[in-house]
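Trainee: Numbering (our numbering), first residue to last: 855 to 1200.
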Ligand code: NAD
Ligand code: UFG
């Protein structure tokens, strides 16, 4: 094994945490990112934490000539595939962009991997593939339903594509990792989420309210069929999530074929519970008001993560308090995310 991992989307939120974890675990890392939703400064922060930096290639996963060059120049053992667009609302307005970037991009990547004899692949899927879930908690046995938006459908299409590749050629070793709701930041306060524009997701929105960038949180619906009427989700610390990727890589290198795991904590919290915890942990006041339900939102989504525990010995160990404390440390240190730091010179 060459010990080098290609991380697509490695300058992004989850990808940058994965790059750090890989470097800290003695791997060589090549990042391929087109910086469409991230800044290169994230990799400077990785270096500040661990004293190492990945090779960085600025480019697009749809560029097959560039991919060919990357695989020719580096002895890549495995790919962590984070690159993709993820804004649900935008995917409804501009589906073509999503099918092109996510589906066509992944196909280009897989074709190049095949040409270069690289078959270890860890894919960022999402609980969105369970659509309107037929049971709670959600296990990997829960029926996969039609996702409620084009973004979600790109994830399901890619999962199906990977299953077909695996069925057709036994050299493929694939992990489908279905994330629940990743939040939090590295405990150093140096790495975190850097949403561009107004955040779509709950925690980045709440932290921008807390820091004063946004005025108040709109809670989408208080009439869901949940105990307090607000949506319930399974929030997972981003560092636990990336630890799941490292375990998945070890697993697929030893157990051939395609494997699917939920990455969640197994506990759901409502929006109101998140607001209350955020206020308690940070001492900040979060003004909020109720508004209409958001189109496509499910009332509740939380995981049964037992399969990952049994098969990979992975559990999410960080608490909601850890997630909020780390989010707040990052947000307070870098109110404008990586744009708060000087422009990187390398
Ligand atoms: P992110 O936007 O922070 O990171 C994605 C990175 O990919 C960005 O750095 C972006 O510049 C890059 N990128 C996008 N298209 C590219 C392309 N064509 N070529 C090269 N680079 C490209 O998002 P994230 O939150 O870190 O998510 C990472 C992955 O996890 C995505 O595939 C996302 O769909 C998936 N996921 C995220 C969540 C979540 O809540 N954050 C939940 C489930 C699944
Ligand atoms: N919410 C609000 N106000 C906001 C933002 C969110 O009330 O301003 C609520 C939502 O209605 C939901 C909860 O907070 O009940 C969590 O919403 P997020 O947008 O943070 O997360 P979602 O579960 O809706 O979406 C996430 C990812 C998607 C992924 C989906 C399923 O962002 O990419 O999980 O895995 F598809």
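No residue lacks a Cβ here, since even glycine has one placed at the ideal position from N, Cα and C.
Just so you know, these numbers come straight off a predicted model, no measurement behind them.
Indicate, with yes or no, if the ligand UFG has a heavy atom lying under 6 Å from the CB of residue 1059.
Mentor: It does: the Cβ of residue 1059 is within 6 Å (strictly closer) of some heavy atom of the ligand UFG.
Trainee: Within the continuous alpha helix (DSSP H) that includes residue 1058, where are the two ends?
Mentor: Note, residue 1058: alpha helix (DSSP H), 1056-1065.
Trainee: How long is the line joining the alpha carbons of residue 1200 and residue 1049, rounded to whole angstroms?
Mentor: Caution is warranted here: a pLDDT of 36 is assigned to residue 1200, below 50, making its placement in the model unreliable, and no coordinate value can be reported.
Trainee: Please confirm whether any heavy atom of the ligand UFG lies closer than 6 Å to the CB of residue 1087.
Mentor: Answer for residue 1087: yes, Cβ within range of the ligand UFG.
Trainee: If you measure between the beta carbons of residue 1027 and residue 968, is that distance less than 7 Å?
Mentor: Cβ distance not < 7 Å, so residue 1027 and residue 968 don't count as in contact.
Trainee: Quick check: is any heavy atom of the ligand MG less than 6 Å from the C-beta of residue 1049?
Mentor: What this structure holds is the ligand NAD and the ligand UFG, not the ligand MG.
Trainee: How is residue 1145 classed by DSSP in three states: helix, strand or coil?
Mentor: Strand, per DSSP.
Trainee: From residue 1198 to residue 981, what does the alpha carbon distance come to, in whole angstroms?
Mentor: Below a pLDDT of 50, predicted positions are generally treated as unreliable, and residue 1198, at 41, falls in that range; the measurement from the model is reported next regardless. Going from the Cα of residue 1198 to the Cα of residue 981 covers about 35 Å.
Trainee: Is the Cβ of residue 977 closer than 7 Å to any Cβ of chain B?
Mentor: In the structure shown, chain B does not exist; there is a single protein chain.
Trainee: Just to confirm, does residue 981 get its C-beta within under 6 Å of one of the non-hydrogen atoms of the ligand UFG?
Mentor: True, at least one ligand heavy atom lies under 6 Å from that Cβ.
Trainee: Is residue 973 near the ligand UFG, judged by its Cβ being under 6 Å from some heavy atom?
Mentor: Not under cutoff, so the answer is no.
Trainee: In chain order, what residues of the same chain have a beta carbon less than 8 Å from the beta carbon of residue 1103, not counting five sequence neighbours either side?
Mentor: Excluding residues within five positions, the ones whose Cβ falls inside 8 Å are 859, 932, 934, 974, 976 and 1029.
Trainee: My output table needs one value for residue 1180: the three-state DSSP class, helix, strand or coil.
Mentor: Here residue 1180 sits in helix by DSSP.
Trainee: What does the Cβ neighbour count give for residue 1094, buried or exposed, with the cut at 16 atoms within 10 Å?
Mentor: Classification for residue 1094: buried.
Trainee: Taking 7 Å as the threshold (C-beta atoms), are residue 1135 and residue 1084 in contact?
Mentor: Contact: no.
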